[in-house]
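Undergrad: Got a structure for you, written out below as structure tokens; questions coming shortly.
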Amino acid sequence: FIGLVFTSTPNVAAIVAKLSNPFALPKYVDPQNLNGKVYDTFAYPFNELWTSGVANDYNSLISKVPEYKTIVIGYSIGGAMASLASDIISQRFTGGEINSANLELYTFGAPRIGDMKYAMAHDQLVTPFL
């Protein structure tokens, strides 16, 4: 299997402060055209990480052995990153390129990262394992 593991950030306090400010409206962005929006607090750092080489490494591995299972795991803020990663990966699966039964997502203590439309789209793309 291919494992992608996302941990919490060392700067949790800054993220918690931003998300818990009652006077700040959350800024949303539309990730990968999912008909929903996620907090920019999670989307921008994830996109930076994903495009820094993680995507290339994952694509290289899965292209060599498409029958491999992909397991995406994340804790706390890492759970938010894992959810976003599973969205991107699931789009390869739903395109018929890879069997969608080979994608598993496990999150622990992950915050809500998007609006209701995002949550519904995510649930259709990715089956979470509890």
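By this note's numbering, the letter at position 71 of the sequence shown is numbered 413, and the numbering carries on one by one without gaps. Think of the CB as a built atom: it goes at the ideal place given N, C-alpha and C, for glycine as much as any other residue. As the structure is a computational prediction, the values presented were derived from the model and not from experiment.
(1) Quick check on residue 459 - is its C-beta less than 9 Å from some C-beta in chain B?
(2) For the alpha helix (DSSP H) that residue 410 lies in, which residues bound it at each end?
(3) Taking 9 Å as the threshold (C-beta atoms), are residue 379 and residue 457 in contact?
(4) Since I believe residue 384 is in contact with residue 424 (beta carbons under 8 Å), could you give me their beta-carbon distance rounded to a whole number of angstroms?
(5) Could you check how far apart the C-beta atoms of residue 444 and residue 406 are, in whole angstroms? I think they sit under 8 Å.
(6) For residue 396, write down the residues that DSSP places opposite it in a beta bridge.
(7) Using CA atoms only, rank isn't needed, just tell me which of 386, 387, 414 and 461 is closest to residue 431.
(8) Determine the contact status of residue 404 and residue 426, defining contact as a CB-CB distance below 9 Å.
(9) Give the DSSP-derived three-state secondary structure of residue 384 in the structure shown.
TA: Short version:
(1) No chain B appears in the structure shown, which is made up of a single protein chain.
(2) Looking at the DSSP string, residue 410 is not in any alpha helix (DSSP H), and its letter there is neither H nor E.
(3) Taking 9 Å as the Cβ cut-off, residue 457 and residue 379 qualify as a contacting pair.
(4) Not really, about 11 Å apart at Cβ, beyond 8 Å.
(5) With a Cβ gap of about 14 Å, residue 444 and residue 406 do not count as contacting.
(6) Paired residues: none, contrary to the question.
(7) When 386, 387, 414 and 461 are compared, the shortest CA-CA separation from residue 431 is found for 414.
(8) Going by beta carbons, residue 404 and residue 426 fall outside the 9 Å limit.
(9) In the structure shown, the three-state DSSP call for residue 384 is helix.
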